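For reference, the structure is listed below as structure tokens.
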Amino acid sequence: MKFYSTSDKSLRVSLKDAVIQGLAPGNGLFMPERIPQFPNSFFKALEDKSFAEIAFGVSQALLEEDVPVGELKRVVDHTIAFDAPLVKIQNGIYALELFHGPTLAFKDFGARFMSQLLGYFAKDCDKEITILVATSGDTGSAVANGFFGVEGTRVIVLYPKERVSDIQEKQFTTLGGNITAIEIDGSFDDCQYLVKKAFQDNDLARTLFLTSANSINIARLIPQTFYYFYAYAQLKDRSKPIVFSVPSGNFGNLTAGLLAKRMGLPADKFIAATNANDIVPAYLRTHVFSPRRSVTTISNAMDVGSPSNFARLMDLYENNHARFSADVDGYSFSDEETASAMHRIFNTSQYLMDPHGAIGYLGLKRYEHAYQNQFTGIFLATAHPGKFRETVQESVKRDIQLPPALEAFLAKEKSTIKMSADFRELKDYLNNV
Ligand SMILES: *Cc1c(COP(=O)(O)O)cnc(C)c1O
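First residue of the sequence shown: 0, per numbering that gives the first Met the number 0; consecutive thereafter.
Below, the structure is given as structure tokens:
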């Protein structure tokens, strides 16, 4: 399988180059040149398969020419080392819980898959690979934990000072070893800008072997398709149309879902559910893509003003608004709506949602209201509620226990480097590591 760039379709690179480069020249994003189609028999057989078997089947169809089978199996088995259960919340409404990994958010899937794949490709590189990553919270913890101790790699995490939760911060500022955290005096968009600048810098390219682990990396995106198939496999009643609601920020998860649909997954509709940073819902409404500065919300892992996977979405739909909106509806929700949904569902269904999952849930409710038809709704529960304990406690008016994995992180000392959002400062630092 070769990969092309969304900004230059004539460019074709190998999986190895796509994973190592992260971003294509001219800020393009890599896409697979061919999307495999699974026959009906594949979907019929899904329910008898384990999560890891399903994931291996999907990754084989995409990557079998690029990674030896045994190696691919090892990468998949390492990635799918925890479950993603489909949990019934109400009649016809399910949560796909993607937070049972080490950092308790869905980004563990992408980070683990990518770290193993990159570790495999790094074996024949002579320079250490530096992974530079901007995070609004969860990417940093997933990538840092995914790469912690992986030989031949070091990770530098850039994050906006005071704009991530305590628990998020502790998960990537306390590891040490091959993980460094840089606290930027600015927003997540500033961090993302700095990372982009670093990749475009010719001096740095000469001295460092830089790569990215943001959701733009194709190795992060591919494993995110797996759990859509696994959700379908777990669904007992498939008589009604299936709607996936995806709480979104950079839109990697939504892109992966739409890729799965393109591979044949019988999903009727996808919902792009956002907080006040409603760039994609606004695009669906107005036909105009207009990125802007992000605003801060209680679902802060989705506070993105310039969603990086928009280029992939447009590529997948050939910039055709009508075709895109046939598959995708977009809704946005305020902090008040998010908090009251967490409260309501806890009281009526005894189910605890984190603020991001709550936005996914609200997406299904608004869809139900808009169409009044019968459907089976699955929302992606992207983080464990304990990861956003303060917000969740305030909403449900009750104390919440932290999972032991998070308690252990909180007990450790944070260690960071402080910087302004001025690129020269970052460049100086990178030149001297
Ligand atoms: C990153 C993140 C999202 C947004 O995912 P995208 O793929 O960037 O749209 C949603 N919820 C949580 C908890 C996240 O960490």
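Where a beta carbon is used, it is the ideal one built from N, C-alpha and C, also for glycine.
Model, not experiment: these values are computed from the prediction.
Nearest-angstrom Cα distance between T337 and G359? Position 338 of the sequence shown, counting from 1, holds the residue named residue 337. Position 360 of the sequence shown, counting from 1, holds the residue named residue 359. Answer to the nearest angstrom: the Cα atoms are 10 Å apart.
Would you kindly work out how many angstroms separate the C-alpha atoms of A310 and G27, rounded to a whole number? On the sequence shown, residue 310 is found 311 positions in, with the first residue counted as 1. On the sequence shown, residue 27 is found 28 positions in, with the first residue counted as 1. One C-alpha to the other measures close to 8 Å.
Applying the 10 Å Cβ sphere with the 16-neighbour rule, what's the burial state of Q199? The sequence position of residue 199 within the sequence shown is 200, counting from 1. By the 10 Å Cβ count, Q199 comes out exposed.
Is it buried or exposed, K437, if we count other Cβ atoms within 10 angstroms and call 16 or more buried? This structure does not reach residue 437, given that the chain is present from 0 up to 432, and the question cannot be answered.
Would you mind stating whether I166 and K386 have Cβ atoms separated by less than 8 Å? Within the sequence shown, numbered from 1, the residue matching residue 166 stands at position 167. Within the sequence shown, numbered from 1, the residue matching residue 386 stands at position 387. It is a contact, given that the beta carbons lie within the stated cut-off.
Spatial distance of D65 from F422 (CA atoms): Residue 65 sits at position 66 when you count from the first residue of the sequence shown. Residue 422 sits at position 423 when you count from the first residue of the sequence shown. Near 36 Å, if we compare the C-alpha coordinates of F422 and D65.
Check whether S186 and A275 have beta carbons under 8 Å apart: As a position in the sequence shown, residue 186 is number 187, starting the count at 1. As a position in the sequence shown, residue 275 is number 276, starting the count at 1. Their beta carbons are not under 8 Å apart, which means S186 does not touch A275 by this criterion.
beta-carbon L253 near ligand 1 non-hydrogen atom, thresh 7 Å: For the purposes of this step, residue 253 is taken as residue 254 along the sequence shown, with counting starting at 1. For ligand 1, at least one heavy atom lies less than 7 Å from the Cβ of L253.
Measuring straight from C-alpha to C-alpha, what distance separates D16 and R397? If you number the sequence shown from 1, residue 16 lands on position 17. If you number the sequence shown from 1, residue 397 lands on position 398. Answer to the nearest angstrom: the Cα atoms are 49 Å apart.
Indicate the three-state DSSP secondary structure (helix, strand or coil) for E127 in the structure shown. The residue given as residue 127 occupies position 128 in the sequence shown. Of the three classes helix, strand and coil, the one that applies to E127 here is coil, per DSSP.
Is the beta carbon of D277 within less than 7 Å of some heavy atom of ligand 1? Here residue 277 is taken as the residue at index 278 of the sequence shown, counted from 1. No, the Cβ of D277 stays beyond 7 Å of every heavy atom of ligand 1.
Does the beta-carbon of H286 have 16 or more other beta-carbons within 10 angstroms, so that it is buried, or is it exposed? Residue numbering aside, residue 286 sits at position 287 when the sequence shown is read from its first letter. With fewer than 16 other Cβ atoms within 10 Å, it is exposed.
6 Å Cβ shell around T433 - same chain, five flanking residues per side excluded: What the structure shows of the chain is the stretch from 0 to 432, and residue 433 is not part of that stretch, so it cannot be assessed.
Under a three-way DSSP split, which group does V395 fall into? As a first step, residue 395 is located in the sequence shown; it is residue number 396 there, counting from the start. Note: V395 maps to helix in three-state DSSP.
Here's a check: name, in chain order, each residue in its chain whose Cβ is nearer than 6 Å to the Cβ of H320, leaving out the five neighbours to either side. On the sequence shown, residue 320 is found 321 positions in, with the first residue counted as 1. Closer than 6 Å at the Cβ level, and outside the excluded window around H320, lie H286.
Using only the alpha-carbon positions, how far apart do E197 and Q59 sit? Numbered from 1 along the sequence shown, position 198 holds the residue referred to as residue 197. Numbered from 1 along the sequence shown, position 60 holds the residue referred to as residue 59. The question names Glu, yet the displayed sequence has Ala at residue 197. C-alpha separation (whole angstroms): 33 Å.
So, helix, strand or coil for I34, using DSSP? Here residue 34 refers to the residue found at position 35 when the sequence shown is read from its first residue. The answer is coil: DSSP assigns I34 none of H, G, I, E or B.
Between which two residues does the beta strand (DSSP E) holding Q89 run? Locating residue 89 in the sequence shown gives position 90, where the first residue counts as 1. Q89 -> beta strand (DSSP E) spans L85 to Q89.
In chain order, what residues of the same chain lie with their CB nearer than 6 Å to the CB of G139, ignoring the 5 residues before and after it? Mapped onto the sequence shown, residue 139 falls at position 140. So the list reads V156, Y158 and F171, once near-sequence residues are dropped.
Euclidean distance between Cα positions of F269 and P306: On the sequence shown, position 270 is the one that residue 269 refers to. On the sequence shown, position 307 is the one that residue 306 refers to. Approximately 17 Å, taken between the alpha carbons.
Of the choices N252, D427, D314 and S339, whose alpha-carbon is the least far from that of F378? As a first step, residue 378 is located in the sequence shown; it is residue number 379 there, counting from the start. Selected option, being the one with the closest Cα: N252.
Between the CA atoms of Y370 and A143 - distance to the nearest angstrom: As a working mapping, residue 143 is identified with position 144 in the sequence shown. As a working mapping, residue 370 is identified with position 371 in the sequence shown. The alpha-carbon atoms of A143 and Y370 are separated by roughly 42 Å.
So what's L103 in DSSP terms, helix, strand or just coil? Walking along the sequence shown from the start, residue 103 turns up at place 104. It is coil, neither helix nor strand.
Complete beta strand (DSSP E) runs within the stretch 348-413 (minimum length 3 residues, chain order): 375-380
Once the 5 residues before and after G118 are set aside, which same chain residues still bring their CB inside 6 Å of it? Taking the sequence shown and counting its residues from 1, one reaches residue 118 at position 119. Within the same chain, G118 has close Cβ partners V149.
CB of T138 to nearest heavy atom of ligand 1: below 7 Å? Taking the first residue of the sequence shown as 1, we reach residue 138 at position 139. Yes, ligand 1 has a heavy atom inside 7 Å of this Cβ.
Distance, A271 Cα to N372 Cα: On the sequence shown, residue 372 is found 373 positions in, with the first residue counted as 1. On the sequence shown, residue 271 is found 272 positions in, with the first residue counted as 1. If you take the alpha carbons of N372 and A271, they lie about 19 Å apart.
Find out if the Cβ-Cβ distance for the pair M352, P384 is shorter than 8 Å. Stepping through the sequence shown from its first residue, residue 352 is reached at position 353. Stepping through the sequence shown from its first residue, residue 384 is reached at position 385. Yes, they are a contact pair.
Spatial neighbours of F228 within its chain, please: CB distance less than 7 Å, with the 5 preceding and 5 following residues excluded, ordered by chain position. As a first step, residue 228 must be located in the sequence shown, where it is residue number 229. Closer than 7 Å at Cβ, skipping near neighbours: L45, I53, V57, A259 and L264.
Specify whether the stretch 94-105 and the stretch 126-141 touch according to this definition: at least 3 beta carbon pairs, one from each stretch, less than 8 Å apart. yes
Which residues in the same chain as I79 place their Cβ atom closer than 6 Å to its Cβ, once the five residues preceding and following it in sequence are excluded? Taking the first residue of the sequence shown as 1, we reach residue 79 at position 80. If we look at I79 and ignore the five residues flanking it on each side, its Cβ neighbours are F50, A51 and A54.
Quick check: is any heavy atom of ligand 1 less than 7 Å from the C-beta of S293? For this step, residue 293 is matched to residue 294 along the sequence shown. Because no heavy atom of ligand 1 lies under 7 Å away, the Cβ of S293 does not count as near it: no.
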